[in-house]
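187 is the number of the first residue of the sequence shown in the working numbering; add one for each residue after it.
These notes concern the structure reproduced below.
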Amino acid sequence: MSSAFAPGRAALVGYLPAGFAGVDAFKAMVDNGVDVVEVGLPYSDPLMDGPVIQAAVQRALDAKTGTRDVLATVEGVAALGVPVVVMTYWNPVERYGAAAFARDLRSAGGAGAITPDLIPEEAGEWLEAVRAHDLDPVFLVAPSSTRERIEVVARTNGGFVYAASTMGVTGTRDAVSDVAPALVARVREATSLPVCVGLGVSNGAQAAQVAAYADGVIVGSAFVRAVLDADSPRAANAALGMLAADLAAGCRGSI
């Protein structure tokens with residue numbers, strides 16, 4: 187995971203749900219500057235997902251995308267040569283079996299997992315599983331997180347810390363959060379891990395704003411929207427590539 191965070195610029199972290207788009211869609215993102223890929227595990231009761239991602243996840247669920255399909259997607263994306271993490275709620279992992287999921291995720295080439303509805307204090311079984319298989323557990327902090335909560339997350343995380351820039355759900359926004367810089371500064375007091383900011387970024391200019399103070403820029407809804415708005419897989423891949431290039435330019439200080 188550490189190889190994705192180069193000195194002097196922010197990493198671009200891109201998300202799409204498995205089963206909504208194929209490996210070729212992820213390749214279009216990687217070929218145009220995405221440094222870390224988040225593969226979403228479709229789940230019927232998301233807490234953090236806004237309407238755009240919910241629409242994508244519903245397509246994946248309608249297509250009967252299951253956990254084994256997600257792991258197959260991880261394997262295909264990992265072959266592209268970038269770190270791959272799974273974004274998943276806890277119930278599907280618990281149902282699959284924490285130890286088995288960690289084992290199979292590692293076998294597929296995954297680097298870790300983001301678990302937005304799991305807190306470190308209740309993650310004993312999961313932490314034991316990921317440590318046994320050399321995976322990075324990624325928990326979230328938010329503007330409301332106390333100093334004590336940030337210290338626990340920073341002490342437990344591997345790979346990077348996911349800083350949710352708002353208290354709302356995912357979705358593109360007209361302006362990036364003005365509370366995120368302070369949150370990143372608070373996290374940096376507790377850890378030397380990279381701090382990546384998610385929720386709301388949809389273009390290169392916004393990515394540049396976040397890249398000025400964070401180690402990584404996480405983009406989900408904008409990539410999903412690019413696929414939803416396209417009238418063919420070929421058009422979707424082209425749109426994903428153009429968006430990734432714009433966002434990567436922002437992360438690299440070219441805007």
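C-beta atoms are modelled at their ideal positions from N, C-alpha and C, and glycine is treated no differently.
Computed from a predicted structure; not experimentally measured.
By how many angstroms is the C-alpha of residue j removed from the C-alpha of residue i?
| i | j | result |
| --- | --- | --- |
| ARG281 | PHE287 | 9 Å |
| VAL238 | PRO306 | 28 Å |
| ALA412 | LEU257 | 23 Å |
| GLU261 | ARG317 | 20 Å |
| ALA424 | ASP415 | 12 Å |
| GLY194 | ASP221 | 14 Å |
| MET273 | LEU313 | 16 Å |
| ALA315 | ALA284 | 6 Å |
| VAL327 | PRO367 | 13 Å |
| PHE325 | VAL370 | 14 Å |
| GLY208 | ALA309 | 31 Å |
| ASP217 | THR259 | 17 Å |
| ILE300 | LEU202 | 13 Å |
| ASP417 | VAL270 | 27 Å |
| ASP320 | ILE336 | 23 Å |
| ARG333 | THR377 | 12 Å |
| GLY439 | PHE191 | 15 Å |
| ARG420 | MET215 | 13 Å |
| GLU375 | SER230 | 36 Å |
| PRO228 | VAL403 | 22 Å |
| SER175 | ALA249 | Residue 175 cannot be examined here, being either before or after the span of the chain that is shown, 187 to 441. |
| SER331 | SER351 | 11 Å |
| ALA422 | ALA241 | 16 Å |
Could you tell me whether the Cβ atoms of residue i and residue j are closer together than 8 Å?
| i | j | result |
| --- | --- | --- |
| PHE206 | ARG245 | yes |
| ASP401 | CYS382 | yes |
| ALA197 | VAL225 | no |
| ALA430 | GLY267 | no |
| ASN343 | LEU291 | no |
| ALA397 | GLY436 | yes |
| VAL373 | ALA394 | no |
| PRO278 | THR253 | yes |
| GLY219 | ALA391 | no |
| ALA297 | GLY236 | no |
| PRO232 | VAL223 | no |
| ALA294 | ALA340 | no |
| PRO302 | MET234 | yes |
| ASN389 | ASP432 | yes |
| LEU304 | TRP276 | yes |
Name the DSSP beta bridge partners of residue i, please?
| i | result |
| --- | --- |
| MET273 | GLY226 and ILE300 |
| GLY384 | ALA350 and ILE404 |
Ranges of the beta strand (DSSP E) found wholly within the segment 292 to 347, counting only runs of at least 3: Taken in chain order, the complete beta strand (DSSP E) segments of 3 or more residues contained in the segment 292 to 347 are 298 to 300 and 322 to 324.
Cβ pair count under 8 Å reaching 3, the segment 382 to 392 against the segment 401 to 411: yes
Can you list the alpha helix (DSSP H) stretches of 4 or more residues lying completely in the segment 190 to 269, in chain order? For the alpha helix (DSSP H) assignment, the uninterrupted runs of no fewer than 4 residues enclosed by the segment 190 to 269 are, from N- to C-terminal side, 209 to 217, 237 to 248 and 253 to 264.
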